[in-house]
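Read through the structure below, which is laid out as structure tokens, and then see the notes.
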Amino acid sequence: MSKGLPKRSENYSEWYNELVKKADLAENSAVRGCMVIKPYGFSIWEKMQRALDDMFKETGHSNAYFPLFIPKSFLSKEASHVEGFAKECAVVTHYRLINDPNGNGVIVDPDAKLEEELIVRPTSETVIWNTYKSWIQSYRDLPLLINQWANVVRWEMRTRIFLRTAEFLWQEGHTAHATKTEAEEETSRMLDVYATFAEEWMALPVVKGQKTANERFAGAEDTLCIEAMMQDGKALQAGTSHFLGQNFAKAFDVKFQDKSGALEYVWGTSWGVSTRLMGALIMAHSDDLGLVLPPKLAPIQVVIVPIFKGDEQLEQISEKINPILKELKSKGISVKFDKDDQTRPGWKFAEYELKGVPARVAVGMRDLESGTVEVARRDNLSKETVSIDGIAQYLENLLNDIQENIYKKAFDFRTENTFEVNTWDEFTAKIEEGGFLMAHWDGTSETEEKIKELTKATIRCIPLDSKPETGVCVLTGKPSDRRVIFARAY
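Sequence positions in the sequence shown follow the working numbering and run 304 to 793.
The structure is reproduced here in structure tokens:
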């Protein structure tokens, strides 16, 4: 039930944490910093996976799987890569346990030390490029377009379910190309895939942009990203696509013979999204009553709640509803007919509001007599009495409208909370209110770090659609040729 859910306006962080628990999405596990994704939450993730996987396959990619463990020496081969992940790595040093001679359970066998330590996968570039060395010999083997669905471990000290956990689920694409141009096109193509998924499936408006050198993926020459705004005005990085250049090909000696017979290093990309998208989905759309889910990702898109007394009335209602259930399912709509007589309709209504079910249909004996049903929308909490004839088509149209309305609401919110600022006083005042600040920056890492130190705001991205504009940096007053997006972020 939604009773007791904190208000977003009073404590956004607590509201988020409680909603994750009360909506049965996930919970903290016995392992520090790790989460248990519960069936309802995992069913949302499965829908995300299915949609993304179809999009990956449409763009020519195939799925594979690579080891969870990475030899430590692999991470040493690409200097900036290991530096970027060194502080987050979990390390396996031994391979056996033995009974404690003192009778205190089990201990690590000191004689079972690994000759070389293994790193629990923080990301897979190194182990995959080591594999690609044997897969790629000729230009005929290119492009190599591989995706992996997996878990990764990054030893975070401060964790929050879905947003930042020590272990999380994700997909990681790793591709190899014959030319720099092809690899750069792949980097942009996959960013477009992520943006399309975010906007058309998650109903989440995003800004496509380029990361600064400070924020770039470790080991990449360029990082593109999609950035989204949450309801508290903070930014959330919703996906990244990296142009790796020839860095990993050179580190792992991955060459191919081109059409002229010459040996060349291949060009690489990597790209990924994770269960962090679950956090984005919650924080971008939900309200003080619970989840608000876009219909395309809702485990239950329509719930039908009969209002009845006794088996006879339920049988009469079911006789009318069963053909509707069949028609809805034939349209690909996931529907639940909640005939449970152990809970009252009012309790069910509140529960389905909490779970974010997009459309709720209530039908009782009077409705049967009048040939109508009551339809409630989760996105705007409106109710309408609708003819039972043609109700399946009505609900299909309604779900499309809800999907569009959720996107529009999020888009309008982002627009209302995006500000152009031109002075340091404006910047420091507006950043306290939250939102995206469009400001000039002098292009130096030193200024970027100083702004972060003073305000906790980072450059989220240099928007790809930004236009040249002469101005001066908000902090230093030095020349700038375009605005970038600053925000505080998750």
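Ideal Cβ placement from N, Cα and C applies to all residues, glycine included.
{"Check": "C-alpha gap between L421 and E518, whole angstroms", "Outcome": "27 Å"}
{"Check": "Assigned secondary structure, G667 (DSSP; H/G/I helix, E/B strand, else coil)", "Outcome": "strand"}
{"Check": "Alpha-carbon to alpha-carbon, H384 and T747", "Outcome": "22 Å"}
{"Check": "Residue environment, G571, which counts as buried when at least 16 other CB atoms sit within 10 Å", "Outcome": "buried"}
{"Check": "Segment contact, 8 Å Cβ cut-off, at least three pairs: the region 574-592 with the region 624-642", "Outcome": "no"}
{"Check": "Per-residue DSSP class, three states only, for I734", "Outcome": "helix"}
{"Check": "D745 and C776 closer than 8 Å at C-beta", "Outcome": "yes"}
{"Check": "Which of helix, strand or coil DSSP assigns to L757", "Outcome": "helix"}
{"Check": "Unbroken beta strand (DSSP E) run spanning L657, endpoints", "Outcome": "Note, L657: premise wrong, no beta strand (DSSP E); alpha helix (DSSP H) at P648 to K658."}
{"Check": "Nearest-angstrom Cβ-Cβ length linking A541 and V509, presumed shorter than 8 Å", "Outcome": "6 Å"}
{"Check": "Helix, strand or coil at E381 according to DSSP, with G and I counted as helix", "Outcome": "coil"}
{"Check": "Backbone secondary structure at N366 - three-state DSSP", "Outcome": "strand"}
{"Check": "Proximal residues to E567 (C-beta, below 7 Å), its chain only, five neighbours per side dropped", "Outcome": "K558, F559 and D561"}
{"Check": "Distance between beta carbons of A481 and L448, contact taken as under 8 Å", "Outcome": "That pair is no contact at about 13 Å."}
{"Check": "Counted within 10 angstroms of its Cβ, other Cβ atoms place R457 as buried (16 or more) or exposed", "Outcome": "buried"}
{"Check": "Where N703 falls, given that 16 or more other Cβ within 10 Å makes a residue buried", "Outcome": "exposed"}
{"Check": "Stretch-stretch touch, CB-based, cutoff 8 Å, three pairs: the region 472-486 with the region 585-592", "Outcome": "no"}
{"Check": "Run of the beta strand (DSSP E) containing W452, from where it starts to where it stops", "Outcome": "L447 to V456"}
{"Check": "Assumed close pair M581, W348 - CB separation to whole angstroms, cut-off 8 Å", "Outcome": "6 Å"}
{"Check": "CA-to-CA distance, E503 to L322, given in whole angstroms", "Outcome": "24 Å"}
{"Check": "Bounding residues of the alpha helix (DSSP H) (the contiguous stretch that carries Q534)", "Outcome": "That residue, Q534, is in no alpha helix (DSSP H); it is neither H nor E in DSSP."}
{"Check": "Nearest to E391 (by Cα), restricted to the options E699, M358 and R467", "Outcome": "R467"}
{"Check": "Beta-carbon proximity list for V678, same chain, < 6 Å, skipping 5 on both sides", "Outcome": "V664, E687 and V689"}
{"Check": "Distance, L740 Cα to L507 Cα", "Outcome": "19 Å"}
{"Check": "Burial state of S316 (16 or more Cβ within 10 Å)", "Outcome": "exposed"}
{"Check": "Contact check, L372 vs T429, beta carbons under 8 Å", "Outcome": "The sequence shown places Phe at residue 372, rather than the Leu named in the question. Taking 8 Å as the Cβ cut-off, F372 and T429 do not qualify as a contacting pair."}
{"Check": "7 Å Cβ shell around A329 - same chain, five flanking residues per side excluded", "Outcome": "V323, M338, V339, I340, K341, G344, I464 and F465"}
{"Check": "Closest by C-alpha distance to R399, when choosing among F388, G408 and P413", "Outcome": "P413"}
{"Check": "Of the residues I627, P404, T758 and K781, the one placed nearest E736, counting alpha carbons only", "Outcome": "T758"}
{"Check": "E502 (DSSP reduced to helix, strand or coil)", "Outcome": "helix"}
{"Check": "Runs of alpha helix (DSSP H) lying entirely within the region 459-524, each at least 4 residues, in chain order", "Outcome": "483-503"}
{"Check": "Backbone secondary structure at D590 - three-state DSSP", "Outcome": "strand"}
{"Check": "Buried or exposed by the 16-neighbour rule on C-beta atoms within 10 Å, applied to N450", "Outcome": "buried"}
{"Check": "For W318, three-class secondary structure by DSSP", "Outcome": "helix"}
{"Check": "Counted within 10 angstroms of its Cβ, other Cβ atoms place M460 as buried (16 or more) or exposed", "Outcome": "exposed"}
{"Check": "At least three beta-carbon pairs within less than 8 Å, the region 485-497 to the region 711-724", "Outcome": "no"}
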